[in-house]
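S.K.: The listed protein sequences derive, respectively, from chains V and A.
Just so you know, we're using our numbering here: the first sequence kicks off at 2 and counts up by one.
Just so you know, we're using our numbering here: the second sequence kicks off at 2 and counts up by one.
There are 2 protein chains.
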Amino acid sequence: MQSDQVIRALGALAQEHRLAAFRLLIQAGAEGIPAGVLAERIGVPPSSMSFHLAQLANAGLVSQRRESRSIIYAADYAAMGGLMAYLTENCCGGVPCDDPAACIPPSIMETAL
Amino acid sequence: MQSDQVIRALGALAQEHRLAAFRLLIQAGAEGIPAGVLAERIGVPPSSMSFHLAQLANAGLVSQRRESRSIIYAADYAAMGGLMAYLTENCCGGVPCDDPAACIPPSIMETAL
DNA sequence: CCAATAATTCAATAAAATTCGAAATATCGA
DNA sequence: TCGATATTTCGAATTTTATTGAATTATTGG
């Protein structure tokens, strides 16, 4: 994952309605949720929801599939994992570490999680 | 960590120069880096760097301390951990899980990390 | 105190993101 | 094919962000 795409992903998540939508999708799993249902649950008009979903899709954070008249969105867990990996990469001075909990000072980590 | 602060943190990181600065600080550790050095390394004028550092500080992602004439910035690992925790929270349908690798479908996780 | 250094704040501008009604597109059921 | 449903695209107004030179604040050494 390159910084360019990371910035788009972070930017996509850095918005109230999109963060809400993404979290609903994370919880919904592979089944996904139709655009209209997301709009209703979040409380924004369909055209606004469509705009936000396009941002998430462009960032690669969600996938979309048509099912009859509905377009169903689902979270892309791989992209999510990639984003997290990028953010913790080099978290202890350039030395790669698989376990952020061990990399980030434990005493500080306790209060964080 | 509440969604409001999460959005500010994500927004703070969703910008080329700020992401670059934060990564330098993550690698620098507790020692930190003076504002002027960051500006020079990233290639932006001091006033621009100051603006961006203020965003990061406002989001709680960095701390600042004065040392003689310099103001030295350092990454806040706790905030970083909190952000990651929020993003993976509920990642498998509302059931809390400490290990995102086990929560996010392993087969998908492989291609991501 | 004064000149030099380090950063920030201010202000004005430029660029990007958000909002949402109205119009357009796609799909289904009868 | 027609009408209803589900979404997206378009367009235009609004709001938020980003950029930087110039002025301001803080600190040090002489």
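Yeah, the Cβ is synthetic: ideal placement off N, Cα and C, and Gly gets one too.
Should Arg19/A and Ala10/A be called a contact, given that it needs their Cβ atoms to be closer than 8 Å?
M.R.: One-based indexing of the second sequence puts residue 19/A at position 18. One-based indexing of the second sequence puts residue 10/A at position 9. No; because the gap between Cβ atoms is not below 8 Å, this pair is not in contact.
S.K.: Would you kindly report the start and end of the unbroken alpha helix (DSSP H) that includes Ser4/V?
M.R.: Taking the first sequence and counting its residues from 1, the one referred to as residue 4/V is at position 3. Per DSSP, Ser4/V belongs to the alpha helix (DSSP H) from Ser4 to Leu14.
S.K.: Using the Cβ count rule (16 or more neighbours within 10 Å means buried), how would you classify Asp77/A?
M.R.: Translated into the one-based positions of the second sequence, residue 77/A becomes position 76. Classification for Asp77/A: buried.
S.K.: Give a yes or no on whether 8 Å exceeds the smallest Cβ distance from Glu17/A to chain V.
M.R.: Translated into the one-based positions of the second sequence, residue 17/A becomes position 16. Yes, because at least one Cβ of chain V sits closer than 8 Å to the Cβ of Glu17/A.
S.K.: Considering only the alpha carbon of each residue, which of Tyr87/A, Ala80/A, Ala75/A and Leu88/A lies closest to Gly30/A?
M.R.: Position 29 of the second sequence holds residue 30/A. Cα-wise, what sits closest to Gly30/A is Ala75/A.
S.K.: If contacts are defined as beta-carbon pairs under 8 Å, then Ala80/A and Leu62/A qualify, I think. What distance do you get, rounded to the angstrom?
M.R.: The residue you call residue 80/A lines up with position 79 of the second sequence. The residue you call residue 62/A lines up with position 61 of the second sequence. 5 Å between Cβ atoms; contact.
S.K.: Closer than 8 Å is the cut-off here; do at least three beta carbon pairs connect the stretch 25 to 43 of chain V with the stretch 31 to 47 of chain A?
M.R.: These segments do not touch.
S.K.: In its own chain, which residues sit with a C-beta less than 6 Å from the C-beta of Pro47/A, not counting the 5 before and 5 after it?
M.R.: Taking the first residue of the second sequence as position 1, residue 47/A is located at position 46. Cβ within range, chain order: Ala40.
S.K.: Which residues does DSSP list as the beta-bridge partners of Tyr74/V?
M.R.: The residue labelled residue 74/V in the question sits at position 73 within the first sequence. Ile34/V and Gln65/V.
S.K.: Can you grab the Cα-Cα spacing for the pair Glu90/A / Gly83/V, in whole Å?
M.R.: Taking the second sequence and counting its residues from 1, one reaches residue 90/A at position 89. Taking the first sequence and counting its residues from 1, one reaches residue 83/V at position 82. So the alpha carbons of these two residues sit roughly 16 Å apart.
S.K.: Under 9 Å Cβ-Cβ, which residues of chain V neighbour Val141/A?
M.R.: What is shown of chain A runs 2 to 114, which leaves residue 141/A out entirely.
S.K.: Using the beta-carbon of each residue, which ones in chain V are nearer than 8 Å to Met85/A?
M.R.: Here the question's residue 85/A lines up with position 84 in the second sequence. Result: Met85, Leu88, Thr89 and Pro101.
S.K.: Can the beta-carbon of Gln28/A be found closer than 8 Å to that of Ile8/V?
M.R.: Here residue 28/A refers to the residue found at position 27 of the second sequence. Here residue 8/V refers to the residue found at position 7 of the first sequence. Cβ atoms of Gln28/A and Ile8/V: not closer than 8 Å.
S.K.: In whole angstroms, what separates the C-alpha of Gln65/A from that of Met50/A?
M.R.: Here residue 65/A refers to the residue found at position 64 when the second sequence is read from its first residue. Here residue 50/A refers to the residue found at position 49 when the second sequence is read from its first residue. Roughly 14 Å separates the two Cα atoms.
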